[in-house]
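Trainee:
Numbering (the working numbering), first residue to last: 57 to 389.
Right under this line is the structure:
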């Protein structure tokens with residue numbers, strides 16, 4: 057293998073010789089470290105698809121953390137290494153034993169770059185280790201480390217670790233996510249009003265206003281309010297329903313194992329910065345992403361029909377701006 061680096065790529069002195077000893081057809085074992093919730097886990101799929109293309113003879117292991125297992129790409133890997141989380145307060149020796157269970161590999165890619173994955177990378181042998189730069193830590197762990205930016209789509213940041221070895225990915229990005237089919241015949245729009253933290257959320261009043269206006273202007277569409285599985289998420293949706301009123305073309309659906317199929321069949325999804333929007337991106341469903349304070353550019357794909365809406369000076373975007381983005385998507389469809 058050849059390392060395709062540039063001036064901002066950190067390459068260890070021995071990395072070139074290590075890479076030269078690796079041949080694509082001889083690679084038998086690859087580890088990918090991704091400790092993250094649903095949204096970022098879905099973004100690993102183009103990475104794994106590309107690995108399968110270039111290393112058809114390799115067994116691929118993905119390392120995840122026990123309290124974030126939604127969206128694990130079981131169909132694209134051969135083994136899942138589950139790492140103990142700090143929530144259960146395991147002892148230091150138990151954690152290190154668990155970290156070492158990942159085992160040795162020909163290639164190791166750390167696409168998380170957090171303290172836990174630093175330790176896993178350090179404690180397990182691999183012929184070639186690739187990660188992201190982090191202060192000076194990467195110099196003691198990896199053979200190759202790349203810059204990571206928040207101004208580029210996250211899935212492409214991950215794929216940079218493959219580009220450095222000359223592995224080109226398909227464009228538009230492939231996710232190959234099988235969700236099943238929706239059982240709703242009429243065209244419909246899904247609105248998901250919650251997120252992992254309140255600071256990421258558009259207000260219930262804003263969602264209610266948007267839904268009321270869209271109901272009136274798009275009466276041929278079903279408008280589906282999607283609730284999360286937590287009780288507080290249901291309460292948020294109930295607030296929205298009180299403000300919108302009951303109408304024939306408005307439905308409320310709680311999150312379930314049918315959610316991926318529901319998202320897959322939608323004409324568009326309106327959502328805060330959350331994993332449900334990444335699920336829509338992975339199923340090629342057009343999205344309007346509402347960003348309050350988190351960086352929007354990291355989650356704006358440069359393919360498909362996706363819009364990000366944010367107030368340029370921060371705070372809550374106006375309803376009219378979100379509505380205009382959604383109307384443009386529906387009009388283009």
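Using N, Cα and C, we set each Cβ at its ideal position, and we do this for glycine too.
Can you list, in chain order, the residues of its chain whose CB lies under 8 Å from that of residue 378, leaving out five sequence neighbours each side?
Mentor: 258, 262, 266, 326, 344, 346 and 365
Trainee: Beta-carbon within less than 8 Å of residue 237's beta-carbon, same chain only, minus the 5 sequence neighbours each way: which residues are those?
Mentor: 317, 320 and 321
Trainee: In terms of residues, what are the limits of the beta strand (DSSP E) holding residue 238?
Mentor: Residue 238 -> no beta strand (DSSP E), and no H or E assigned at all.
Trainee: Can you look up residue 291 in the DSSP assignment and give me helix, strand or coil?
Mentor: Three-state result, residue 291: helix.
Trainee: Tell me the DSSP secondary structure of residue 261 in three-state form.
Mentor: helix
Trainee: State whether the stretch 176-189 contacts the stretch 93-110, with contact taken as three or more CB pairs (one from each stretch) at a distance under 8 Å.
Mentor: no
Trainee: Of all the options 309, 82, 135 and 351, which has the alpha carbon lying nearest to the alpha carbon of residue 329?
Mentor: 351
Trainee: Which whole-angstrom value is the C-beta distance of residue 119 and residue 89, which I expect to be below 8 Å?
Mentor: 5 Å
Trainee: Under 8 Å, do residue 116 and residue 86 count as touching if we go by C-beta distance?
Mentor: yes
Trainee: Figure out for me which residue from 141, 169 and 372 has the closest Cα to the Cα of residue 349.
Mentor: 372
Trainee: Just checking, does the stretch 120-140 make contact with the stretch 237-252 on the three C-beta pairs under 8 Å criterion?
Mentor: no
Trainee: Under the DSSP definition of a beta bridge, which residues are partnered with residue 87?
Mentor: 117 and 164
Trainee: In chain order, what are the residue ranges of uninterrupted alpha helix (DSSP H) at least 4 long that sit wholly in the stretch 129-201?
Mentor: 148-156 and 171-179
Trainee: From residue 248 to residue 235, what distance separates their C-alpha atoms?
Mentor: 18 Å
Trainee: In the DSSP assignment, find the unbroken alpha helix (DSSP H) run with residue 105 in it and report its ends.
Mentor: 101-110
Trainee: Under 8 Å between the Cβ atoms of residue 285 and residue 217?
Mentor: no
Trainee: Hey, how far is the Cα of residue 342 from the Cα of residue 223?
Mentor: 28 Å
Trainee: In the structure shown, what three-state DSSP assignment does residue 244 receive?
Mentor: In the structure shown, residue 244 sits in a strand (DSSP, three-state: E or B).
Trainee: In this structure, how does DSSP classify residue 208 when only helix, strand and coil are distinguished?
Mentor: Assignment of residue 208 by DSSP, reduced to helix, strand and coil, places it in the coil class.
Trainee: Can you find at least 3 beta carbon pairs, one from the stretch 128-147 and one from the stretch 60-71, that sit closer than 8 Å?
Mentor: no
Trainee: What whole-angstrom Cβ distance do residue 303 and residue 278 have, given they're in contact under 8 Å?
Mentor: Not quite, the Cβ-Cβ distance comes to about 10 Å (not below 8 Å), so this is no contact.
Trainee: Using only CA atoms, which one of 268, 99, 221 and 370 lies nearest to residue 57?
Mentor: Taking each of 268, 99, 221 and 370 in turn and checking the Cα distance to residue 57, the smallest one comes out for 221.
Trainee: Given a cut-off of 8 Å, decide if residue 297 and residue 308 are closer than it, judged by their beta-carbon atoms.
Mentor: yes
Trainee: Would you kindly work out how many angstroms separate the C-alpha atoms of residue 165 and residue 376, rounded to a whole number?
Mentor: 43 Å
Trainee: Express the C-alpha separation of residue 374 and residue 383 in angstroms, rounding to a whole number.
Mentor: 14 Å
Trainee: Could you check how far apart the C-beta atoms of residue 353 and residue 214 are, in whole angstroms? I think they sit under 8 Å.
Mentor: With a Cβ gap of about 16 Å, residue 353 and residue 214 do not count as contacting.
Trainee: Between the C-alpha atoms of residue 369 and residue 162, what's the straight-line distance to the nearest angstrom?
Mentor: The straight-line gap separating the alpha-carbon atoms of residue 369 and residue 162 is approximately 47 Å.
Trainee: Here's a check: name, in chain order, each residue in its chain whose Cβ is nearer than 6 Å to the Cβ of residue 155, leaving out the five neighbours to either side.
Mentor: 175, 176 and 179
Trainee: Have a look at 59, 82 and 80 and flag the residue whose alpha-carbon is nearest the alpha-carbon of residue 73.
Mentor: That would be 59, whose Cα lies nearest to the Cα of residue 73.
Trainee: Using a threshold of 8 Å, state whether the C-beta atoms of residue 71 and residue 200 are closer than that.
Mentor: yes
Trainee: Can the beta-carbon of residue 190 be found less than 8 Å from the beta-carbon of residue 211?
Mentor: It is not a contact, given that the beta carbons lie outside the stated cut-off.
Trainee: For the candidate residues 359, 208 and 132, whose alpha-carbon lies nearest to that of residue 112?
Mentor: Distances from the alpha-carbon of residue 112 to those of 359, 208 and 132 put 132 closest.
Trainee: Could you check where the beta strand (DSSP E) with residue 327 kicks off and where it finishes?
Mentor: 324-328
Trainee: Using the C-alpha atoms, what's the distance from residue 91 back to residue 274?
Mentor: 40 Å
Trainee: Report the residue from 301, 226 and 312 whose alpha carbon sits nearest the alpha carbon of residue 282.
Mentor: 312
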